[in-house]
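Each protein sequence line maps, in turn, to chains A and B. Each residue of the first sequence is one higher than the one before, starting from 191 at the first, in my numbering. Each residue of the second sequence is one higher than the one before, starting from 191 at the first, in my numbering. We treat Cβ as the ideally placed atom computed from N, Cα and C, and that holds for glycine. Okay, so here's the structure we're looking at.
Protein chains: 2
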Amino acid sequence: MYEYVKNDEILSQLVKNSVLTEKQLATYMAYQFRKYRTENSEIYTRLGEKVSKGVFHRTLQQARRNIKRSILTIILLGYLDITDVTDVTRDITDLIEVGRQIKNIKDLALGQEINDFDKKKALELLSDILRRLDKAIK
Amino acid sequence: MYEYVKNDEILSQLVKNSVLTEKQLATYMAYQFRKYRTENSEIYTRLGEKVSKGVFHRTLQQARRNIKRSILTIILLGYLDITDVTDVTRDITDLIEVGRQIKNIKDLALGQEINDFDKKKALELLSDILRRLDKAIK
Numbered sequence: 191m192y193e194y195v196k197n198d199e200i201l202s203q204l205v206k207n208s209v210l211t212e213k214q215l216a217t218y219m220a221y222q223f224r225k226y227r228t229e230n231s232e233i234y235t236r237l238g239e240k241v242s243k244g245v246f247h248r249t250l251q252q253a254r255r256n257i258k259r260s261i262l263t264i265i266l267l268g269y270l271d272i273t274d275v276t277d278v279t280r281d282i283t284d285l286i287e288v289g290r291q292i293k294n295i296k297d298l299a300l301g302q303e304i305n306d307f308d309k310k311k312a313l314e315l316l317s318d319i320l321r322r323l324d325k326a327i328k
Numbered sequence: 191m192y193e194y195v196k197n198d199e200i201l202s203q204l205v206k207n208s209v210l211t212e213k214q215l216a217t218y219m220a221y222q223f224r225k226y227r228t229e230n231s232e233i234y235t236r237l238g239e240k241v242s243k244g245v246f247h248r249t250l251q252q253a254r255r256n257i258k259r260s261i262l263t264i265i266l267l268g269y270l271d272i273t274d275v276t277d278v279t280r281d282i283t284d285l286i287e288v289g290r291q292i293k294n295i296k297d298l299a300l301g302q303e304i305n306d307f308d309k310k311k312a313l314e315l316l317s318d319i320l321r322r323l324d325k326a327i328k
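Shown next as structure tokens:
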């Protein structure tokens, strides 16, 4: 398990229940934060792990494809009108909001402390969403 | 390829770009429309294909899990705040709306004709969304 996941219970639960592997997420995060290559170096790193340029970009492509597929899956459900995504969408907005309240969220990889109250709140919301998803997706 | 996908270009593109297999979607649709079992029969069908009860429920579970994972992936992106999902969410709402304008959408499996204008409109919107997703997911 990557350190960045081990240190954050919320993130750990989210990744486990997503279409991304920890490796793909680590690569995607490293790319987004522009922290994957030191100057003039052919060695790429994804949150601590050294990999070749080729491996890095292959995993990055897999991550992007999986993210796109997730979005298209929800569009597909809307298109078929077989699962009411309205409730789920509201929940997503809620979680994004709570996520943003947690100030240090972007610095997770750097191991900064997270406010305990916000963390508990976010964890509760997450369990609630997982429970509701189980009910909503019949 | 299942008939229900072959007969609908939009659906075909959506499934191809989703996390669901055609088999999983056929099973999920059959279950949602309550068209998977004739009375007093141990034989289950998913849009024409006969399968055992066990196989049907296993595939249904896989479909549900993949749908949940898609939703959690988007929540994950919001949590990490690394991809702006606001644009994407607007697009999802658009597509759901267009999808609903296509009156016969729920009767796809029955092979009913779709209005050509609405179909073209939906196809254009879909290509546009795919293009924008390519740009948005860096």
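Annotation: the continuous beta strand (DSSP E) that includes B/Lys-240 extends over 239-242. For A/Tyr-234, there is no enclosing alpha helix (DSSP H); the enclosing beta strand (DSSP E) covers residues 233-236. Here B/Val-195 is not near A/Arg-259, since their CB atoms are 9 Å or more apart. For A/Lys-196, the enclosing alpha helix (DSSP H) starts and ends at 193-196. Here B/Tyr-221 is not near A/Lys-206, since their CB atoms are 9 Å or more apart. In this structure, the CA atom of B/Lys-225 is about 47 Å from the CA atom of A/Arg-236.
Contact of A/Arg-259 with chain B is assigned, a C-beta pair being separated by under 9 Å. Counting along the chain, the unbroken alpha helix (DSSP H) around B/Ile-200 starts and ends at 199-206. The C-alpha of A/Ala-216 is placed about 41 Å away from the C-alpha of B/Glu-239. If you look at A/Lys-213, you'll find it in the alpha helix (DSSP H) that goes 212-222. Straight through space, the alpha carbons of B/Gln-214 and A/Glu-229 are spaced by roughly 46 Å. Its chain contains Gln-214 as the residues whose beta carbon lies nearer than 6 Å to that of B/Gln-252, once the 5 sequence neighbours on both sides are disregarded; these appear in chain order.
Counting only the Cα atoms, B/Arg-254 lies some 10 Å from B/His-247. It is roughly 33 Å from the alpha-carbon of A/Ile-265 to the alpha-carbon of B/Glu-232. The beta carbons of B/Ile-257 and A/Thr-263 sit about 6 Å from each other, so the pair counts as a contact at 8 Å.
Here A/Thr-249 has Lys-213, Gln-214, Thr-217 as same chain residues with Cβ atoms under 7 Å from its own Cβ, once five neighbours each way along the sequence are excluded.
With respect to the 9 Å criterion, B/Leu-270 and A/Ile-261 are not classified as neighbours on the basis of their beta carbons.
Across the structure, B/Val-245 and B/Glu-193 are spaced so that their CA atoms are roughly 20 Å apart. Beta-bridge pairing by DSSP links B/Arg-227 to B/Tyr-234. Within chain A, the C-beta atoms nearer than 8 Å to that of B/Asn-207 come from Lys-258, Arg-259, Leu-262, in chain order. A distance below 7 Å between beta-carbons, with the five flanking residues on each side excluded, links B/Lys-243 to the following residues of its chain, in chain order: Glu-232, Tyr-234.
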